[in-house]
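Colleague: In the order they appear, the protein sequences are chains D and G. Heads up: the first sequence is residues 350 to 953, going by our numbering. Heads up: the second sequence is residues 527 to 687, going by our numbering. All C-beta atoms in this analysis are idealised placements derived from N, C-alpha and C, irrespective of residue type, glycine included.
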Amino acid sequence: MNDTIYIVKIGLASCGIAAGATSVYQTFEAQMDRDHVSLIPTGCLGVCYCEPLVEVISPSGESVLYGNVTPKDAQQIMEQHINQGMVVQHLLAFPQDREDPEWDYFNKQTRFALQNCGVINPEDINSYTDAGGYQGLKKSLMLGPELIIKELEQAGLRGRGGAGFPTYRKWQLTRQAVGKPKYVVCNADEGDPGAFMDRSILESDPHSVIEGLLIAGYAIGATQGYFYVRAEYPLAIKRLRIALDQVRAAKLLGTHILDTDFSFEIDIREGAGAFVCGEETALLMSIEGRRGMPRFRPPYPAEKGLFHCPTAINNVETLANVPRIMYQGHAAYSKHGTEQSKGTKVFALAGKVNRGGLVEIPMGMNVNELVFAIGGGISTGKPFKAIQTGGPSGGCIPAELGETPVDYENLAQIGAIMGSGGLLVMDEDTCMIDVAKFFLHFAREESCGKCTFCRIGTEKMLQILTRISQGEGKPTDIQVLADLGQKIQVGSMCGLGQSVPNPVLTTLKYFRQEYEAHIDAGICPAKQCKSLIDYQIVTETCRSCNLCVISCPVKAISGKKGQAYQINETTCVRCGLCLDSCRFNAIRVTSLPTKHTEATTEVI
Amino acid sequence: MQDPLVVVEKIVARHRDTPGAAIPILQGIQNKLGYVSPLFLQKVAELTDIPASDLYGIVTFYSQFRLDPVGRNHVQICHGTACHLAGAEKVTDVLEHETKTSCGCTSADKEYTLEKVACIGCCSLAPVININGKIHGHLTAEKTKKILKGITREKDEGEKG
Numbered sequence: 350m351n352d353t354i355y356i357v358k359i360g361l362a363s364c365g366i367a368a369g370a371t372s373v374y375q376t377f378e379a380q381m382d383r384d385h386v387s388l389i390p391t392g393c394l395g396v397c398y399c400e401p402l403v404e405v406i407s408p409s410g411e412s413v414l415y416g417n418v419t420p421k422d423a424q425q426i427m428e429q430h431i432n433q434g435m436v437v438q439h440l441l442a443f444p445q446d447r448e449d450p451e452w453d454y455f456n457k458q459t460r461f462a463l464q465n466c467g468v469i470n471p472e473d474i475n476s477y478t479d480a481g482g483y484q485g486l487k488k489s490l491m492l493g494p495e496l497i498i499k500e501l502e503q504a505g506l507r508g509r510g511g512a513g514f515p516t517y518r519k520w521q522l523t524r525q526a527v528g529k530p531k532y533v534v535c536n537a538d539e540g541d542p543g544a545f546m547d548r549s550i551l552e553s554d555p556h557s558v559i560e561g562l563l564i565a566g567y568a569i570g571a572t573q574g575y576f577y578v579r580a581e582y583p584l585a586i587k588r589l590r591i592a593l594d595q596v597r598a599a600k601l602l603g604t605h606i607l608d609t610d611f612s613f614e615i616d617i618r619e620g621a622g623a624f625v626c627g628e629e630t631a632l633l634m635s636i637e638g639r640r641g642m643p644r645f646r647p648p649y650p651a652e653k654g655l656f657h658c659p660t661a662i663n664n665v666e667t668l669a670n671v672p673r674i675m676y677q678g679h680a681a682y683s684k685h686g687t688e689q690s691k692g693t694k695v696f697a698l699a700g701k702v703n704r705g706g707l708v709e710i711p712m713g714m715n716v717n718e719l720v721f722a723i724g725g726g727i728s729t730g731k732p733f734k735a736i737q738t739g740g741p742s743g744g745c746i747p748a749e750l751g752e753t754p755v756d757y758e759n760l761a762q763i764g765a766i767m768g769s770g771g772l773l774v775m776d777e778d779t780c781m782i783d784v785a786k787f788f789l790h791f792a793r794e795e796s797c798g799k800c801t802f803c804r805i806g807t808e809k810m811l812q813i814l815t816r817i818s819q820g821e822g823k824p825t826d827i828q829v830l831a832d833l834g835q836k837i838q839v840g841s842m843c844g845l846g847q848s849v850p851n852p853v854l855t856t857l858k859y860f861r862q863e864y865e866a867h868i869d870a871g872i873c874p875a876k877q878c879k880s881l882i883d884y885q886i887v888t889e890t891c892r893s894c895n896l897c898v899i900s901c902p903v904k905a906i907s908g909k910k911g912q913a914y915q916i917n918e919t920t921c922v923r924c925g926l927c928l929d930s931c932r933f934n935a936i937r938v939t940s941l942p943t944k945h946t947e948a949t950t951e952v953i
Numbered sequence: 527m528q529d530p531l532v533v534v535e536k537i538v539a540r541h542r543d544t545p546g547a548a549i550p551i552l553q554g555i556q557n558k559l560g561y562v563s564p565l566f567l568q569k570v571a572e573l574t575d576i577p578a579s580d581l582y583g584i585v586t587f588y589s590q591f592r593l594d595p596v597g598r599n600h601v602q603i604c605h606g607t608a609c610h611l612a613g614a615e616k617v618t619d620v621l622e623h624e625t626k627t628s629c630g631c632t633s634a635d636k637e638y639t640l641e642k643v644a645c646i647g648c649c650s651l652a653p654v655i656n657i658n659g660k661i662h663g664h665l666t667a668e669k670t671k672k673i674l675k676g677i678t679r680e681k682d683e684g685e686k687g
């Protein structure tokens with residue numbers, strides 16, 4: 350046995366824990382040789398598709414990443430790798446050859462905001478300061494507010510919550526605004542379904558966001574900061590609290606920070622489950638202890654924000670970039686990206702993609718590169734159909750536009766938005782009407798109800814989409830949807846209302862033929878809409894094994910041993926559970942064009 | 527067991543100096559007592575200068591708050607986009623069928639409360655559910671049934687033991 354130290358890092362963010370990382374960690378903790386192994390709990394490295402992850406760094410500095418590790422695998426890693434110095438080949442998350450295309454998952458990324466995620470221990474301030482933490486704050490306090498704002502202007506940092514407003518401008522306006530006290534708020538109310546960038550940063554590198562908030566507070570002249578975090582993210586809140594205690598103990602929070610005149614306090618407010626609170630004025634209402642209903646702008650929060658005082662509200666990812674820009678200089682950031690969209694953007698890559706996870710790319714990389722080089726292509730092996738960015742406020746980008754560079758300007762031009770970073774990949778089995786319906790359903794539930802167009806318009810649009818998905822759409826429906834969508838955009842006060850029609854409008858623009866197939870022929874091309882499909886048993890392949898009978902919740906399947914089974918189509922609720930249970934590919938989904946033709950005739 | 531209204535009093539006292547305290551108070555009550563009944567709201571209104579109608583407005587606006595207690599097993603079914611694409615509806619069907627209740631409700635035997643929630647941020651494990659704080663991912667109909675069976679078994683063993 351050699352007497353040098355192995356470092357073992359285990360990703361313990363929510364997704365890792367959900368995949369079983371805690372028991373892997375405990376196995377190492379209980380059985381490792383403490384004289385030769387240093388065990389470090391880290392956050393999320395972004396390789397979510399093969400959690401739990403274990404990184405072993407040998408005394409020579411060589412790093413090996415193991416994926417999908419079970420407690421039993423952990424024992425093998427200890428015995429074989431750590432005790433004998435032999436890499437456990439079959440557990441490797443990536444091939445040993447770093448030039449292998451699988452490594453594109455990392456090689457094509459530019460990790461700036463995420464540079465510490467999965468690398469440092471999020472519950473240890475020393476781990477953060479060893480990685481250059483709080484140097485940005487020190488430098489900022491020496492530079493003074495004006496030069497900080499200048500530095501951010503030169504870096505070209507824009508708000509990463511979705512709208513892309515220049516961060517320096519927001520700080521400048523709040524700094525210049527009359528009124529005291531001033532506030533800074535970190536918007537961590539990450540509500541877009543399918544987005545988990547902010548959760549991951551807060552769970553993996555909370556100090557970077559705290560440092561960003563401190564710099565923001567100093568730059569605009571605030572004395573109080575708030576974190577507004579979704580209550581659905583308990584681990585993020587816990588780690589943030591631990592980090593705040595450590596910062597306070599290190600005298601980086603409180604009065605006379607680093608022996609200067611700067612005094613600052615930070616409180617955490619938990620969201621209570623309202624998507625609209627991601628909208629900045631609604632968020633302020635919520636911190637003030639009221640229903641989270643947006644207020645008219647102007648006056649903008651920079652002028653009249655929290656408790657009617659000047660307030661700067663920044664997103665988690667934006668703030669995580671700030672200390673790095675301050676420490677490493679604006680050029681370190683602005684050298685990435687395009688002319689108008691500088692720097693990098695973090696995306697939560699999910700859906701039907703092989704390598705889903707948290708990735709950070711330089712602005713301007715095109716959609717195909719993101720989906721295929723980084724994401725490893727479509728997980729089902731079926732053709733790539735579209736991506737969806739920006740959640741309920743965003744739009745769908747069809748595969749044909751795969752060459753589109755991902756930056757604020759190009760995405761806006763094709764009708765989608767950058768959004769906060771949710772990026773869903775869809776294959777040909779995804780029904781675009783179903784997707785539009787899903788987002789609209791979400792929007793209708795989450796509309797605060799203040800503006801008529803948002804409150805009633807979304808309900809009406811949902812009714813139309815529902816009947817289209819049931820094969821009862823009218824030829825005029827497409828036009829009505831387009832009109833109504835446009836009216837909701839102009840007739841709503843806040844960002845939520847103005848953007849909720851986007852999923853419908855972009856699918857109408859790029860997948861019109863799919864709407865027409867539902868309306869004119871009563872066919873769902875992706876075979877997803879329950880009213881337009883039937884489940885049938887293929888007589889030739891059915892082995893009458895009885896599994897589908899057991900799986901069926903409504904007892905719609907019957908048959909005798911030795912004969913092919915049958916599905917009673919009137920009882921069947923099209924839940925698809927039989928399809929999942931069948932081991933012989935003996936159940937198929939078919940379209941029902943004829944039914945619809947009869948129905949329309951009756952109506953006429 | 528402590529009188530719930532005393533618990534409410536303590537929580538209100540803790541937030542005396544919090545600006546905009548209504549939501550943290552209500553969250554504190556729900557964390558301790560499991561729900562916020564109209565009786566608790568009335569008590570908070572008496573102890574603070576926040577009208578009961580405002581409190582009721584807050585409780586009904588935010589989806590986190592519950593006016594009724596939850597069942598022994600609180601099942602949150604994620605309906606984020608990734609989960610939706612990966613079959614959250616199917617998982618919901620199985621859960622509703624097996625627990626004999628529907629989303630937003632508690633089963634008659636008070637064993638299960640089913641709740642649809644927006645994204646819980648574990649998209650790479652879709653579809654996921656959260657049972658009493660533990661996340662279960664990559665669910666299929668079979669796996670979901672197994673998890674429920676495990677809960678029933680634990681309960682039976684607990685009662686015997």
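Any heavy atom of the ligand SAH inside 8 Å of the beta-carbon of D:M842?
Modeller: Among the components modelled here there is no ligand, and therefore nothing to report on the ligand SAH.
Colleague: In this structure, does DSSP put D:F461 in helix, strand or coil?
Modeller: DSSP places D:F461 in coil when its eight states are reduced to three.
Colleague: Taking all protein chains shown into account, decide if D:K701 is buried (16 or more other Cβ within 10 angstroms of its Cβ) or exposed.
Modeller: Under this definition D:K701 is a buried residue.
Colleague: Grouping DSSP H, G and I as helix and E and B as strand, with all else coil, what is D:W520?
Modeller: Helix, per DSSP.
Colleague: Just checking my contact of D:G627 with D:G770 at CB under 8 Å: how many whole Å lie between their CB atoms?
Modeller: Contact doesn't hold; Cβ gap of about 13 Å is too wide.
Colleague: Taking all protein chains shown into account, decide if G:H664 is buried (16 or more other Cβ within 10 angstroms of its Cβ) or exposed.
Modeller: With fewer than 16 other Cβ atoms within 10 Å, it is exposed.
Colleague: Give the interface partners of G:A652 over in chain D, defined as CB-CB distance under 8 Å, in chain order.
Modeller: Correct list: A699.
Colleague: In chain D, what lies closer than 7 Å to G:P545 by C-beta?
Modeller: Chain D residues near G:P545: F656.
Colleague: Taking only the alpha-carbon atoms, compute the straight-line gap between D:P602 and D:S612 and give it to the nearest angstrom.
Modeller: Strictly speaking, residue 602 of chain D in this sequence is Leu, with Pro absent from that position. Cα-Cα distance, rounded: 7 Å.
Colleague: Looking only at C-alpha atoms, which of D:K358, D:S363 and D:G365 sits nearest to D:M381?
Modeller: Among D:K358, D:S363 and D:G365, the Cα nearest to that of D:M381 belongs to D:K358.
Colleague: Cβ closer than 8 Å: which chain G residues qualify as neighbours of D:G740?
Modeller: Result: T607.
Colleague: Please classify D:E400: is it buried, with 16 or more other beta-carbons within 10 angstroms of its beta-carbon, or exposed?
Modeller: By the neighbour-count rule (16 or more Cβ atoms within 10 Å), D:E400 is buried.
Colleague: Can you check whether the C-beta of G:E668 is within less than 9 Å of a C-beta belonging to chain D?
Modeller: So, interface residue.
Colleague: Keeping to the same chain, check which residues put their C-beta closer than 8 Å to that of D:T950; ignore five residues upstream and five downstream.
Modeller: Here D:T950 scores only 40 on pLDDT, less than 50, and its place in the model should not be relied on; the value that follows carries that caveat. Same-chain partners within the cutoff: there are none.
Colleague: Name the chain G residues that come within less than 7 Å of D:D929, Cβ to Cβ?
Modeller: Under the 7 Å cutoff, chain G gives T666 and A667.
Colleague: Checking the sheet assignment: what are the DSSP bridge partners for D:I615?
Modeller: In the DSSP output, where bridge partners are listed per residue, D:I615 has D:G574.
Colleague: Can you give me, in chain order, the residues of the stretch 586-602 of chain G that have a beta carbon less than 8 Å from any beta carbon in chain D?
Modeller: Within the stretch 586-602 of chain G, the qualifying residues are F587, Y588, S589, Q590 and F591.
Colleague: If we define contact as Cβ-Cβ less than 9 Å, is D:P843 a contact residue for chain G?
Modeller: Residue identity check: residue 843 of chain D is Cys in the sequence provided, not Pro. For D:C843, the answer is no, since every Cβ of chain G falls outside 9 Å of its Cβ.
Colleague: Which stretch, first to last residue, makes up the beta strand (DSSP E) that contains D:L773?
Modeller: D:L773 -> beta strand (DSSP E) spans G771 to D776.
Colleague: What does D:R548 touch in chain G if you count any residue whose Cβ is under 7 Å from its own?
Modeller: Within 7 Å Cβ-Cβ: G647.
Colleague: Check D:S728 in the structure and name its three-state DSSP category.
Modeller: DSSP places D:S728 in coil when its eight states are reduced to three.
Colleague: If you draw a straight line from the C-alpha of D:T954 to the C-alpha of D:Q819, how long is it?
Modeller: Any answer about residue 954 of chain D is impossible in this case: the structure gives chain D only from 350 up to 953.
Colleague: Which same chain residues end up closer than 6 Å to D:L501 when comparing Cβ atoms and leaving out the 5 residues on each side of it in sequence?
Modeller: The answer, listed in chain order, is T516 and Y517.
Colleague: Could you work out which residues of chain D lie near G:A548, taking near to mean beta carbons separated by less than 7 Å?
Modeller: G638, listed in chain order.
Colleague: Are at least three pairs of beta-carbons, each pair with one atom in the stretch 567-582 of chain D and one in the stretch 798-811 of chain D, less than 8 Å apart?
Modeller: At 8 Å Cβ cutoff, the stretches do not touch.
Colleague: Per DSSP, D:G360 forms a beta bridge with which residues?
Modeller: In the DSSP output, where bridge partners are listed per residue, D:G360 has D:T391.
Colleague: Considering only residues of the same chain and omitting the five flanking positions on each side of G:K569, which have a CB-CB separation below 7 Å?
Modeller: Only L531 and V534 meet the Cβ criterion.
Colleague: Please list the terminal residues of the continuous beta strand (DSSP E) segment that includes G:L640.
Modeller: Element bounds for G:L640: Y638 to V643.
Colleague: Is the beta carbon of D:I766 less than 9 Å from the beta carbon of D:N851?
Modeller: It is a contact, given that the beta carbons lie within the stated cut-off.
Colleague: On the CB-based measure, 16 or more other CB atoms within 10 Å of its CB, does D:K691 come out buried or exposed?
Modeller: By the neighbour-count rule (16 or more Cβ atoms within 10 Å), D:K691 is buried.
Colleague: Have a look at D:E947 and D:G822 and give me their C-alpha separation to the nearest angstrom.
Modeller: Residue placement at D:E947 is poorly supported in this model, since its pLDDT is 47, which falls under 50; the coordinates are not used for a value here.
Colleague: What did DSSP end up calling D:T693 once you bin it into helix, strand or coil?
Modeller: D:T693 falls in the strand class under three-state DSSP.
Colleague: What did DSSP end up calling D:V403 once you bin it into helix, strand or coil?
Modeller: It is a strand residue.
Colleague: Is DSSP giving D:T738 helix, strand or coil here?
Modeller: Correct three-state label for D:T738: strand.
Colleague: Along chain G, in chain order, which residues have C-beta atoms closer than 7 Å to that of D:C364?
Modeller: Within 7 Å Cβ-Cβ: C648, S650 and L651.
Colleague: Which same chain residues, not among the five before or five after D:Q877, have their C-beta less than 8 Å away from its C-beta?
Modeller: D778, T779, C780 and D783.
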